[in-house]
Amino acid sequence: MLSTVKKAAKICRRGNGPVLVEFKTFRIRGHEEASGTKYYPEGLIKKWEKYDPVDCFEAYLLQNRIINKEENESYREKIKEEININLKRALAEPAINVNLEEELGDVFVPINEEAIEPGVNKSEMRFIDAITDGLKESMKKHDNLVLMGQDIAEYGGVFKVTDGFVDLFGKERVRNTPLCESAIVGSALGLSINGMVKSMMEMQFADFATCGFNQIVNNLAKLNYRWGENADVVIRMPTGGGMAAGPFHSQSNEAWFFHVAGLKIAYPAFPEDAKGMLIRSFEDPNPVLFFEHKGLYRSISAEVAEGYYSIPFGKANVVKKGESLVYNYLWYGSALGNKCFCSTWTSGCCRDCRSAHA
Numbered sequence: 000m001l002s003t004v005k006k007a008a009k010i011c012r013r014g015n016g017p018v019l020v021e022f023k024t025f026r027i028r029g030h031e032e033a034s035g036t037k038y039y040p041e042g043l044i045k046k047w048e049k050y051d052p053v054d055c056f057e058a059y060l061l062q063n064r065i066i067n068k069e070e071n072e073s074y075r076e077k078i079k080e081e082i083n084i085n086l087k088r089a090l091a092e093p094a095i096n097v098n099l100e101e102e103l104g105d106v107f108v109p110i111n112e113e114a115i116e117p118g119v120n121k122s123e124m125r126f127i128d129a130i131t132d133g134l135k136e137s138m139k140k141h142d143n144l145v146l147m148g149q150d151i152a153e154y155g156g157v158f159k160v161t162d163g164f165v166d167l168f169g170k171e172r173v174r175n176t177p178l179c180e181s182a183i184v185g186s187a188l189g190l191s192i193n194g195m196v197k198s199m200m201e202m203q204f205a206d207f208a209t210c211g212f213n214q215i216v217n218n219l220a221k222l223n224y225r226w227g228e229n230a231d232v233v234i235r236m237p238t239g240g241g242m243a244a245g246p247f248h249s250q251s252n253e254a255w256f257f258h259v260a261g262l263k264i265a266y267p268a269f270p271e272d273a274k275g276m277l278i279r280s281f282e283d284p285n286p287v288l289f290f291e292h293k294g295l296y297r298s299i300s301a302e303v304a305e306g307y308y309s310i311p312f313g314k315a316n317v318v319k320k321g322e323s324l325v326y327n328y329l330w331y332g333s334a335l336g337n338k339c340f341c342s343t344w345t346s347g348c349c350r351d352c353r354s355a356h357a
């Protein structure tokens with residue numbers, strides 16, 4: 000095994016790698032202490048016992064008189080004693096008092112929640128134009144931000160969101176990827192771990208998140224809580240139907256992720272929000288899934304501020320305040336005995352409902 004790894008290392012150091020080394024090993028015990036090995040075929044354990052690396056190394060030391068039997072047994076007893084001492088120490092520790100605030104605080108990297116206010120100059124933009132503009136502003140702001148996705152470079156992506164980006168930012172920062180969503184998400188995470196400001200991948204269609212699901216919900220989401228390594232990754236998710244794209248390219252699957260601790264979900268409805276929230280996604284050091292409804296791309300437009308601004312997550316855009324609310328209930332006919340479901344008659348009732356109250 001050692002000689003094989005040394006050979007592989009030499010090949011890689013000469014620049015002729017990568018090399019895939021396959022280790023054929025065997026687990027003599029069960030997957031964990033309780034699972035057992037009754038399902039192993041008869042004789043399989045004995046066949047593999049002679050290859051056990053620990054036993055083989057022990058035999059090597061004894062045969063070459065590097066240690067003798069008495070020394071070997073002495074080492075075993077010392078190690079057992081050390082294990083037992085530390086086990087007793089662990090069992091004597093007081094019960095852990097869970098601090099919910101601290102536990103939940105470890106789920107996300109803290110971030111300044113202040114907004115960057117938009118400027119006064121505005122331009123008419125479609126929803127898709129606002130997303131493109133938000134990407135451009137973020138690429139200018141973060142000079143080591145890398146965009147990745149299927150056909151996002153010269154082709155500009157299937158929806159043309161990144162059309163012209165290669166000319167503006169170069170192929171080192173706007174990168175085409177293979178058709179392998181788990182690999183793209185993993186690469187984005189790798190860039191984050193290696194110190195990139197932010198990496199973004201375009202999930203060509205949100206439906207394809209299934210192919211990278213484990214990377215998203217078990218790696219991106221849990222990394223900061225588990226060992227304090229934040230996943231500085233944005234995944235753009237074109238979602239929803241209305242484009243005659245069939246069952247594999249039209250799902251609205253944002254609900255799959257809402258209950259996964261460690262993920263932030265952004266789902267803008269208007270062009271100005273799309274730009275500001277996308278920029279905010281790149282400012283946030285936590286993993287963000289940025290959903291973009293495809294039906295909105297070219298169907299709505301609005302005045303959007305030029306330049307760089309950001310909208311914090313989790314703060315409602317209150318369009319109008321009020322103190323009263325009128326409920327409109329439909330009145331069902333004879334099948335329900337002409338019963339009206341309004342608790343009191345209001346001017347908001349339908350015509351038939353008002354007749355029933357009259």
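Sequential numbering of the sequence shown, starting at 0, is according to numbering that gives the first Met the number 0.
Each residue gets a CB set at the ideal place from its N, CA and C atoms; glycine is no exception.
In this text the structure is predicted, and so the values were computed from the model without any measurement.
Measuring alpha carbon to alpha carbon, tell me which of the options ends up nearest residue i.
i	options	result
V160	N15, A304, A273	A273
K46	I27, A58, D231	I27
A208	L288, D166, E302, M0	L288
G16	T24, S298, V4	V4
I299	I310, M202, A129, G321	A129
G118	E271, S249, L86	E271
I215	I44, V184, H248	V184
A301	K314, F269, N63	F269
Y39	N175, F25, D51, P52	F25
R297	A254, G241, K314	G241
K23	H30, C11, M0	M0
S191	K135, E116, A244, F281	F281
G156	V173, N143, E21	V173
E136	Y307, K49, E31	Y307
N193	E228, N316, I44	E228
E116	D162, K320, V303	V303
F158	H248, E100, E69	H248
Should residue i and residue j be called a contact, given that it needs their Cβ atoms to be closer than 8 Å?
i	j	result
L146	F126	no
S181	N213	yes
K293	P237	yes
H141	K197	yes
F312	R279	yes
M200	F168	no
R358	M202	This structure does not reach residue 358, given that the chain is present from 0 up to 357, and the question cannot be answered.
N120	E322	no
I310	A114	yes
P286	V232	yes
N362	V106	Beyond the ends of the chain as shown, which are 0 and 357, falls residue 362; an answer cannot be given.
E57	N67	no
A230	F290	no
L144	L188	no
T36	G29	yes
Starting from the C-beta of residue i, find all residues in its chain whose C-beta is less than 7 Å away, skip the five residues before and the five after it, and write them out in chain order.
i	result
P267	A273, M276
C210	E180, S181
S333	Model confidence at S333 stands at a pLDDT of 39, short of 50, so the residue's coordinates are unreliable; what they give is reported in the following sentence. The answer is none, since no qualifying residue turns up.
L19	none
S2	none
V108	N223, N229, P284, N285
Below 6 Å CB to CB, which residues in the same chain sit around residue i once its five sequence neighbours on both sides are set aside?
i	result
G239	S251, H292, K293, G294
D132	K274
D283	I110
E112	P311
A244	none
K221	G261
Determine, for residue i, whether the minimum Cβ-Cβ distance to residues of chain B falls below 8 Å.
i	result
M147	Checking the listed chains, one finds no chain B in this structure; it contains a single protein chain.
Cβ of residue i within 7 Å of any heavy atom in the ligand MG?
i	result
V184	In the structure shown, the ligand MG is absent, as is every other ligand, since no ligand is present at all.
Using a Cβ-Cβ cutoff of less than 8 Å, which residues in the same chain neighbour residue i once the five nearest sequence positions on both sides are dropped?
i	result
E253	A205, M236, T238, I264, Y266, L288, F290
Below 8 Å, can you find three or more Cβ-Cβ pairs linking the stretch 90-97 to the stretch 251-268? no
Between the stretch 134-153 and the stretch 115-124, can you find at least three pairs of beta-carbon atoms closer than 8 Å? no
Runs of 4 residues minimum, wholly inside the stretch 26-57: which ones carry the alpha helix (DSSP H) assignment? 43-48
Which complete alpha helix (DSSP H) runs does the stretch 206-237 hold, if anything under 4 residues is left out? 222-226
Can you list, in chain order, the stretches of the alpha helix (DSSP H) that have 4 or more residues and sit fully within the stretch 51-95? 52-62, 68-91
Which residue spans inside the stretch 236-305 form an unbroken beta strand (DSSP E) run of at least 3? 263-265, 287-292, 300-304
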